[in-house]
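Chains as they are written, first to last, in this note's numbering: chain X, 1 to 310; chain H, 1001 to 1296; chain E, 2001 to 2358. Data first, discussion second: the structure below is written as structure tokens.
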Amino acid sequence: MNATLHDSEAMTARERSAEFGKRAVPYLLVIPGLLFVLGVLGYAVAGGFVLSLNETDMFLNKTFVGLKNYIAIFHNPRFQSSLWRTLAFVVLSIGLGISMSMMFALTLYHVGFGRRFFRGLSLVPYFVSGIAAAVMFRFIFTTSGGFVNYILTTFGMEGPSWLGNPVLAFTVSILANAWFMVPFATLILLGGLQTVDKDIYEAAKLDGSSGLHTFRRITLPLIKPMMGVSLIWVSYISFSTFDIILALTAGGPGRATELISVYMYQIAFLELDFGQGSVLMVMLLTFNTLLSLVYLRFFVYGDRRYKVVS
Amino acid sequence: MVSRAERAPHPMRESGMFTAGLRHRVGRFLLIGIPLAILVIWTTLPILWAVLSSLKESLEIYESNTLLPANPNLDGYRTVLAMRGFDSWLFNSFLVTVVATIVPLVLSIFAAYGFARYAFRFRHILLLLYLVPRIIPRVSLIVPLNSLMSDLGLINTYWVLFITYTASAIPLSTWILVGFFAAIPKEIEESATMDGANMWHRLRRVILPIAWPGVVTAAVLCIREAWNEFAFVLALINETSMRTLPYQLYMLKDSMGVQDYAVYNAFTVLTVLPLLVVYLLLERRVVESIVSGAVK
Amino acid sequence: MSTPLVELHELRKSFGPLEVLHGIELAIEQHAFVVLVGPSGCGKSTLLRMIAGLESVTSGTIVMDGRVVNRVPAKDRGIAMVFQSYALYPHMTVRENLSFSLEMAKTPRDVKQERIESAAGILYLDALLERFPAQLSGGQRQRVAMGRALVREPELFLFDEPLSNLDAKLRVEMRAEIKALHQRLRSTTIYVTHDQVEAMTMADLVVVMNDGRIEQLGPPLELYDRPATVFVADFLGSPAMNLIAGTVAESEAGPVIDAGDDLTLPLSPGSAVRPGAEVVYGLRPEHLRIGDGPAGLAATVSLVEPAGFETHLHADVGGQVVRVISTERLDAVPGDSIALVPDTARVHLFDSRTGARL
């Protein structure tokens, strides 16, 4: 008996190939999708880096020029102002976006009736395309026939030309962008609020804490990871916002709303300078990655001393 | 909304209790009601205004600016539907959305199953390769993609949209599905294994039905991405008949001489409507998935 | 005796560099009800999963019906398994749960129907067939899990801690039900648990495992009466056996155990032990009697737990806590002085170094 058992220990060729097949299974499952991701997105990123080091002519022939494009871009005042404009846009958008999301999330958390309805409603703008959102905002803010100026007129005020004034146009862009990105951030924060155990609030109440104090000392620290996630989302959208600006103001009036993404599109597709366009792509990518890493570090994975239990 | 004071006996005297309850109610109304009103107005106003404007007569807005259409009519919609090319833009949008939903969904179901259920070498790094692209802004890729696709001679084809949309949808749907698959207890699958189910059967009969809310969520988000996509189509398509609806909506600005508000708004409503219908049908699962943190 | 249904030879399992099973030898007869019992992490579940085919074999062999099945896939081993979490398919009705394996095996419709009905009848599931698992109580889910195993008419049933998700009362009921079912169907069963009461009450053959090894195997009462090691002695029985370390010494009445602090424990006169040997003295709580007079070991009551039928007593004897079970109602209170009389015929002695029975 023992002899036969030992014989069976050795794998036959067929068993060995079966064993190999078993091991290949996860790779076979994972690789097809990866081919798309790497083949298209990965290739595009790599190609963008290469392009940024080249000069292209009208027929897209490339010549290697090293960092020439980078130097040219950094010395270009149009770039400098669009960089500062983008930073201002991002900072203001984050401020507005997060405070609105937090307000809406708290409202949805506490609302007693029609909870499901309001939650569902709040996500609707997430499903409106950036172009459509921009068009809608254009019609709300058009000088004649716009909703806002209609309201102002009924109160006897003369409505300004919202999209013709640099400061106002910039403000309207921020509002349109917020309209588009707030819903998702709201639901993320609402999810964070819902994971906090209600007993903790009762305990805080017994400890004599209330209102704002509880919010600052209990709620905020406990939803920190979700705060981080919504911050990533909000700044990701604001940094790379493109379709909304393009369809709302096209960067105007003048260059009042020309963010880096819009500038990139114009320099690459209207001035056909793919090299410098790619420099801007590299910058967008770097900014965005760095910012995400910072948030992840400080909010989501930063504090390992306690774990937010969900 | 029943206030706490009404439910539980309160130590205060009758009148005190009444005023306390009232104050509580008013406070609560202000604290919840006002932000709720802002939320509802903020969310619906742009859409409502678009719908109202789409029902107005062509030049109504210039003559007298009113809130409601004086003479509601569907002329705007009729004009849009009669536009030359509207049917092909609509068809393009549908076709691209269907392909760019089904293909990434199938690929990410397989990938997510692999990641959620197998331990294998390079698992971590492969998963990272799948997920990191999520923080790449889509618009940043249009320059190199245009150059790449020109080299391949794919500009102005459906293929270029299929390929790029699929690639950019895969990371998100894989992420969602990995979460849902990994949440299914291993024993259930082991039990199916003992019941004689092979991998294909387990996936189709056990895993997918249990993770169905996740599949629906991933599908809706793929549909959303594809239907609303703009940057890629802008960079990769330049033939009028190959445009999708968002692209055409963008182009309307230039192509319409006298801005016909009603037509413009009708077009906007028509591009938004199909996706909103999909969302409203599957709203509960999508909202739940996002609130539960399954979509991040 | 016929050949055993399952034989394990030199079975080893490693996870990476960590070996969790160190050469298991076990033969399981047809119709036997075998319980693998041990503390968590002892390898009992891993062993069961290897028999099931859910875990690969690192070395050694698993033989079923005279055939080596090391590399036979789980579904072809003729085995059904009931999981701790039940692992019911949440999206299928009870009927669909029961029929899933038969569908996979392409069983003809009428056979399928018949088997489902008979399993449902045996397990009182007839009225629940169209319900979903979420609509069932814990006990009902447990029964569905068993029914799912039953319909396959397997040669071997495996149970992995099937009762640990139930509350205490239901656990006792289901224990009896599983036992009754086995007595009716006579199907060979391997049952894993960490609960020694389940092991004692259900098994024909108890296999006590510890740290990846079989510590002792045998019929329940044999293990209870003659534990082979200190581990088994300590593990089986509740409250646990009193175990006191000491040295064998001589006295006028024969050998005794010197446990230090003037504590001298009596042995039966005929005990064949070597004076000076380091031993562990074991005595079950029910083998200590509370003496009427001063004769016996002087003790101080430290805790009284009236359990109804019995009274559990903790007493301090020469600095050691000793557990005593009495079937009499006692009016002792903590602090009382009592005398404890050991039943020397029931004393277990173990080598204190190896833990083996002397």
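Quick reminder that beta carbons are idealized off the backbone N, C-alpha and C, glycines included.
Going along chain H in order, which residues have a C-beta closer than 8 Å to the C-beta of residue i?
i                     : result
residue 253 (chain X) : The premise fails here: residue 253 (chain X) is roughly 15 Å from chain H at the closest Cβ pair, so nothing lies under 8 Å.
residue 107 (chain X) : 1032, 1035, 1036 and 1039
residue 341 (chain X) : Beyond the ends of chain X as shown, which are 1 and 310, falls residue 341 (chain X); an answer cannot be given.
residue 63 (chain X)  : The premise fails here: residue 63 (chain X) is roughly 14 Å from chain H at the closest Cβ pair, so nothing lies under 8 Å.
By the DSSP assignment, the beta strand (DSSP E) with residue i in it spans what residues?
i                      : result
residue 2060 (chain E) : 2059 to 2064
residue 211 (chain X)  : Premise fails: residue 211 (chain X) lies in the alpha helix (DSSP H), 211 to 214, not in any beta strand (DSSP E).
residue 2251 (chain E) : 2242 to 2251
residue 2015 (chain E) : 2006 to 2015
residue 2314 (chain E) : 2311 to 2317
residue 2033 (chain E) : 2033 to 2037
residue 2265 (chain E) : 2264 to 2266
residue 2299 (chain E) : 2297 to 2306
Roughly how many angstroms separate the alpha carbons of residue i and residue j, rounded to a whole number?
i                      : j                      : result
residue 1155 (chain H) : residue 1146 (chain H) : 8 Å
residue 33 (chain X)   : residue 1152 (chain H) : 21 Å
residue 1052 (chain H) : residue 1264 (chain H) : 12 Å
residue 1222 (chain H) : residue 1025 (chain H) : 43 Å
residue 2207 (chain E) : residue 2003 (chain E) : 19 Å
residue 52 (chain X)   : residue 267 (chain X)  : 13 Å
residue 90 (chain X)   : residue 175 (chain X)  : 12 Å
residue 1278 (chain H) : residue 1249 (chain H) : 20 Å
residue 207 (chain X)  : residue 214 (chain X)  : 10 Å
residue 280 (chain X)  : residue 238 (chain X)  : 16 Å
residue 2325 (chain E) : residue 2212 (chain E) : 33 Å
residue 159 (chain X)  : residue 1074 (chain H) : 29 Å
residue 195 (chain X)  : residue 1185 (chain H) : 22 Å
residue 979 (chain H)  : residue 2128 (chain E) : Limits of chain H in this structure are 1001 at one end and 1296 at the other, which puts residue 979 (chain H) out of reach.
residue 118 (chain X)  : residue 94 (chain X)   : 23 Å
residue 3 (chain X)    : residue 2005 (chain E) : Confidence at residue 3 (chain X) is low in this model, with a pLDDT of 38, below 50, so the placement of that residue should be treated as unreliable; the coordinate-derived value is given next. Rounded to the nearest angstrom, the two C-alpha atoms are 20 Å apart.
residue 246 (chain X)  : residue 1214 (chain H) : 34 Å
residue 2189 (chain E) : residue 2264 (chain E) : 46 Å
Could you give the first and the last residue of the continuous alpha helix (DSSP H) run that contains residue i?
i                      : result
residue 2258 (chain E) : Taken as a continuous stretch (DSSP letters only), residue 2258 (chain E) belongs to no alpha helix (DSSP H), being part of the beta strand (DSSP E) at 2254 to 2258.
residue 205 (chain X)  : 198 to 206
residue 2235 (chain E) : 2230 to 2235
residue 2342 (chain E) : Note, residue 2342 (chain E): premise wrong, no alpha helix (DSSP H); beta strand (DSSP E) at 2337 to 2342.
residue 1139 (chain H) : Here residue 1139 (chain H) belongs to no alpha helix (DSSP H), and DSSP marks it neither H nor E.
Determine the chain X residues that contact residue i at a beta-carbon separation under 8 Å, and present them in chain order.
i                      : result
residue 1283 (chain H) : 120 and 123
residue 1214 (chain H) : Per Cβ cutoff of 8 Å: no residues; residue 1214 (chain H) is ~15 Å from chain X at best.
residue 1120 (chain H) : 23, 26 and 27
residue 1133 (chain H) : 37, 41 and 42
Name, please, each residue of chain E whose Cβ falls closer than 8 Å to the Cβ of residue i.
i                     : result
residue 998 (chain H) : What the structure shows of chain H is the stretch from 1001 to 1296, and residue 998 (chain H) is not part of that stretch, so it cannot be assessed.
Kindly list, in the order they appear in chain H, the residues whose Cβ is closer than 9 Å to that of residue i.
i                      : result
residue 2079 (chain E) : 1194
residue 181 (chain X)  : Per Cβ cutoff of 9 Å: no residues; residue 181 (chain X) is ~13 Å from chain H at best.
For residue i, return the contacting residues in chain E, with the cut-off set at a CB-CB distance below 7 Å.
i                      : result
residue 1188 (chain H) : 2087 and 2089
At a CB-CB cut-off below 7 Å, which residues of chain H make contact with residue i?
i                      : result
residue 2074 (chain E) : 1193 and 1194
residue 243 (chain X)  : 1230 and 1231
residue 110 (chain X)  : 1032
residue 47 (chain X)   : 1144, 1147 and 1148
Would you mind telling me which residues of chain B sit closer than 7 Å to residue i, beta carbon to beta carbon, in chain order?
i                      : result
residue 2159 (chain E) : Annotation note: the requested chain B is absent from the structure, which comprises protein chains X, H and E.
Relative to chain X, which residues along the stretch 1068 to 1082 of chain H have a C-beta separation below 9 Å, given in chain order?
-> If the cut-off is 9 Å between Cβ atoms, the stretch 1068 to 1082 of chain H has nothing near chain X.
Near-chain H residues of the stretch 2027 to 2056 of chain E (beta-carbon distance less than 7 Å), N- to C-terminal order = 2052 and 2054
Only counting runs of 3 or more residues, tell me where the beta strand (DSSP E) segments fall wholly within the stretch 79 to 131 of chain X, in order along the chain.
-> none
Ranges of the alpha helix (DSSP H) found wholly within the stretch 138 to 208 of chain X, counting only runs of at least 4 = Those alpha helix (DSSP H) runs which fall completely within the stretch 138 to 208 of chain X and span 4+ residues are 147 to 154, 166 to 195 and 198 to 206.
Run through the stretch 2170 to 2200 of chain E for me and flag every whole beta strand (DSSP E) of 3 or more residues, listed as ranges in chain order.
-> 2188 to 2193, all fully within the stretch 2170 to 2200 of chain E.
If you measure beta-carbon to beta-carbon, which residues of the stretch 1143 to 1175 of chain H are closer than 7 Å to chain X?
-> So the list reads 1143, 1144, 1145, 1147, 1148, 1150, 1163, 1164, 1166, 1167, 1168, 1170, 1171 and 1174, given in the order they occur along the chain.
Quick one: which unbroken alpha helix (DSSP H) runs of 4-plus residues sit fully inside the stretch 1216 to 1251 of chain H? Chain order, please.
-> 1231 to 1236
According to a CB-to-CB cut-off of less than 9 Å, which residues of the stretch 1197 to 1209 of chain H neighbour chain E?
-> 1197, 1198, 1201, 1205, 1206 and 1209
Output the residue ranges of the beta strand (DSSP E) runs that lie fully inside the stretch 2079 to 2145 of chain E and measure 3 residues or longer, sorted by chain position.
-> For the stretch 2079 to 2145 of chain E, whole beta strand (DSSP E) runs of length 3 or above, ordered along the chain, are 2079 to 2082.
Ordered list of alpha helix (DSSP H) runs contained in the stretch 1101 to 1134 of chain H, each at least 4 residues = 1123 to 1131
Contact list for the stretch 2095 to 2117 of chain E against chain H, Cβ threshold 7 Å = 2100, 2101, 2104 and 2105
Proximal residues, the stretch 2234 to 2265 of chain E versus chain H, C-beta separation under 7 Å = none
Could I get the ranges of all uninterrupted alpha helix (DSSP H) runs contained in the stretch 1164 to 1206 of chain H, with 4 residues as the minimum, in chain order?
-> Qualifying alpha helix (DSSP H) stretches, in chain order: 1186 to 1194.
Give the residues from the stretch 1242 to 1253 of chain H that approach chain X closer than 9 Å (Cβ to any Cβ), ordered along the chain.
-> 1245, 1246, 1247, 1249, 1250, 1252 and 1253
Residues of the stretch 274 to 288 of chain X whose Cβ lies closer than 7 Å to any Cβ of chain H, in chain order = So the list reads 274, 277, 278, 281, 284, 285 and 288, given in the order they occur along the chain.
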